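What follows is a set of notes on a single structure, which appears directly below.
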Amino acid sequence: MLRRLAFNLWYFRSPPWDSGVSPPELLEFIREHPPGRALDIGCGSGTNAITLAKAGWQVVGVDFARRAIQLARKKARKYGVEVDFRLEDASQLKGVNGKFDLILDIGCFHGLSAAERARYRRNLERLLAEGGHFLMYAFIRQPHENMIGVTEEDLHLLEEHLLLVKREDGTERGERPSAWLHFRRK
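Counting from 1246, one number per residue, gives the positions in the sequence shown under my numbering.
This is how it looks when you write it as structure tokens:
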């Protein structure tokens, strides 16, 4: 409850994670794959969902921050694209159905609790089409840290149903270890 409130409040200002620019990793993916159906989990103000829609993808964007969804809908109208933006909890996704060729998560999974991550993984199994792609950007939590981030164990659990195609490690603002992860449904 407090987390949801905090995120809503951030979207009345300018959240530091909301650059308004789609990352090159997503743009590369779009260039290399034909359009299909995409789900953007933790879509925020809609930048990446709109980028996908402009490239011909049928997109559903979900976020648990009502203010973010309001901004995303406004931005989609401004750009003249159709995106189905929904108020949803990333670990529940109760109103999201069907199969997706791409599931995108930029900075959502790494902030979930262990129980929420387990539900999230079950939803990935349910929603990702056979041969579908899961692109995730996340902080990498080091063994000695107690901060948000994915662990190597989290990645191994994802690999029970997904094949890791590519991993690009880096740092966020030169400090926090992070990674772009491209998985494919087995």
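Just so you know, even glycine gets a beta-carbon here, dropped at the ideal spot from N, CA and C.
What you are looking at is a predicted structure, and each value in this text was computed from that prediction instead of being measured.
Every unbroken stretch of the beta strand (DSSP E) spanning 3 or more residues and falling wholly within the segment 1319-1359 is given here in chain order: 1329-1332, 1345-1351. Judged by DSSP secondary structure, residue 1285 falls within the beta strand (DSSP E) whose first and last residues are 1282-1286.
For the pair residue 1401 and residue 1370, the CB atoms are not nearer than the 8 Å cut-off.
Burial state of residue 1304 is buried, judged by a 10 Å Cβ sphere holding 16 or more other Cβ atoms.
At the C-beta level, residue 1335 and residue 1328 stay beyond 8 Å of one another.
In summary, residue 1415 is exposed, with fewer than 16 beta-carbon neighbours lying within 10 Å of its beta-carbon over all protein chains present.
In the DSSP annotation of this structure, the continuous segment of the beta strand (DSSP E) that includes residue 1429 starts and ends at 1421-1430.
Counting only runs of 3+ residues, the beta strand (DSSP E) found wholly inside the segment 1351-1416 occupies 1373-1384, in chain order. With distances taken between CA atoms, residue 1412 lies nearest to 1424 out of 1403, 1420, 1424.
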